[in-house]
Amino acid sequence: MRAVGNDVVDLRADGAWGKSRDKRFVCRVLTASEQNRLAKSQNPDACLWAMWAAKEAAYKAVSRIFPDISAWPGRYETVFDHPGLPRQFAGTVNTPEGSVCVRLHWDENRVHCVGLIGSSELWQDLTADVFEPEDGAHPAIESSAKKISAAARTAAAAAIGLHTGLPHGLVKIERTRVSQRSAPPVVKIQGIHTETPVSLSHHGRFAAFAFLAPLQAQSAAMCS
Amino acid sequence: MDKQQIFNDVVGIIKDYVKDESKLANVSMETSILDDLKVNSARLVDIIIQFEDTFDIEIDDDDADNIRSIGDAVNYIAGRVGADQGAE
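Chains as they are written, first to last, in the working numbering: chain A, 43 to 266; chain B, 94 to 181.
Here is the structure:
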């Protein structure tokens, strides 16, 4: 089984900046050991949102396999490989249904995390990106949340197309809805549902995506 | 307090977190807070905390995890505060 999840947090967005001082929020979303890590952090907002993004990325990955799994962040515990908060680091998120490996990077503007279920070699098959649709990467797309969400979907489809060698427009990413929840996005190539694991995220100014390379046999069949 | 009043209070709390006000035009018990109103999951935690303050209740993590629609919130809160019927 291969599954991927990703999450981006705009550290400057309304509701994100200074949130580490919101004790009730912190107590609802972090475990005791995570609260301890936050208390020691020199970058508390980045630390809070790094843990949050890791939990969200892990949830997105594990909910592919266990669709009814709890989404409540307090049920997920992050274990990072580094005691501080270097700009790039790795770790694990312990979920109610097993652990998910994560990799994070952050700067003064945003935190981005990708979570992966599968063998460690899968990281070689991962493509992920974070971008600001307003900054010229996707100049035709305006900045409303809906359009930023569309930007993530469009950029992911374009990247998958590039990876598989398919012309632009043959790859689509679609979402369905199951009992008041959005189902995870699915990749369709030439209208055919594929098992390509893909994850989309957007927050504030940023859109992000992550996907694992389509399985070779499937990709070859699609291209023939 | 009846369910209609709880519904109004719940919508009043949530609307502060909805960026696109047009999404509130046809809000109903079936409206999904995350998917229809596009409230992000971190703000949903803030909303749960506001429910606790407004209705003077504690919402544990299991119950909070099950609140996905306006109706989920209204029915849960009504059950906790012993509300009369309405807003069905």
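Glycine included, each C-beta is placed from N, C-alpha and C at the ideal position. Since this is a predicted model, take the numbers as computed values, not measurements.
Item: Cβ contact check for the stretch 149 to 160 of chain A and the stretch 92 to 108 of chain A: 3 or more pairs under 8 Å; Value: yes
Item: Beta bridge counterpart(s) of residue 49 (chain A) as assigned by DSSP; Value: A:155
Item: Own chain, CB closer than 7 Å to residue 83 (chain A), minus 5 neighbours either side, in chain order; Value: 89, 127
Item: Three or more C-beta pairs below 8 Å linking the stretch 108 to 115 of chain A and the stretch 149 to 166 of chain B; Value: yes
Item: Three-pair Cβ contact test at 8 Å for the stretch 156 to 173 of chain A versus the stretch 236 to 253 of chain A; Value: yes
Item: Segments of 3+ residues assigned as beta strand (DSSP E) that fall wholly inside the stretch 101 to 166 of chain A; Value: 119 to 122, 130 to 137, 140 to 148, 152 to 159
Item: Delimiting residues of the beta strand (DSSP E) encompassing residue 172 (chain A); Value: 168 to 173
Item: Nearest-angstrom beta carbon gap, residue 87 (chain A) and residue 65 (chain A) [assumed within contact, 8 Å]; Value: Residue 65 (chain A) to residue 87 (chain A), Cβ: 14 Å. No contact.
Item: Residue-chain proximity (residue 121 (chain A), chain B), Cβ-Cβ < 9 Å; Value: no
Item: Element boundaries [alpha helix (DSSP H), containing residue 71 (chain A)]; Value: 65 to 71
Item: Contact set for residue 244 (chain A): own chain, Cβ-Cβ below 6 Å, skip 5 residues either direction; Value: 190, 191, 194
Item: Cβ of residue 112 (chain A) within 9 Å of any chain B Cβ; Value: yes
Item: Min CB distance residue 61 (chain A) to chain B below 9 Å; Value: yes
Item: CB contact below 9 Å: residue 104 (chain A) versus chain B; Value: no
Item: Buried or exposed (CB count within 10 angstroms, at least 16 for buried), residue 108 (chain A); Value: exposed
Item: Segment limits, beta strand (DSSP E) that includes residue 167 (chain B); Value: Unbroken run through residue 167 (chain B) is the alpha helix (DSSP H), 163 to 174; no beta strand (DSSP E).
Item: 8 Å CB neighbourhood of residue 151 (chain B) in its chain, flanking five on each side removed; Value: 145
Item: Burial state of residue 215 (chain A) (16 or more Cβ within 10 Å); Value: buried
Item: Alpha helix (DSSP H) segment containing residue 157 (chain B), residue limits; Value: 154 to 158
Item: Proximal residues to residue 180 (chain A) (C-beta, below 6 Å), its chain only, five neighbours per side dropped; Value: Its pLDDT being 46, under 50, residue 180 (chain A) is placed unreliably in this model, and the coordinates cannot settle the point.
Item: For residue 117 (chain B) and residue 141 (chain A), the rounded distance between their alpha carbons; Value: 38 Å
Item: Residue 110 (chain B) versus residue 149 (chain A): straight-line alpha-carbon distance, rounded; Value: 26 Å
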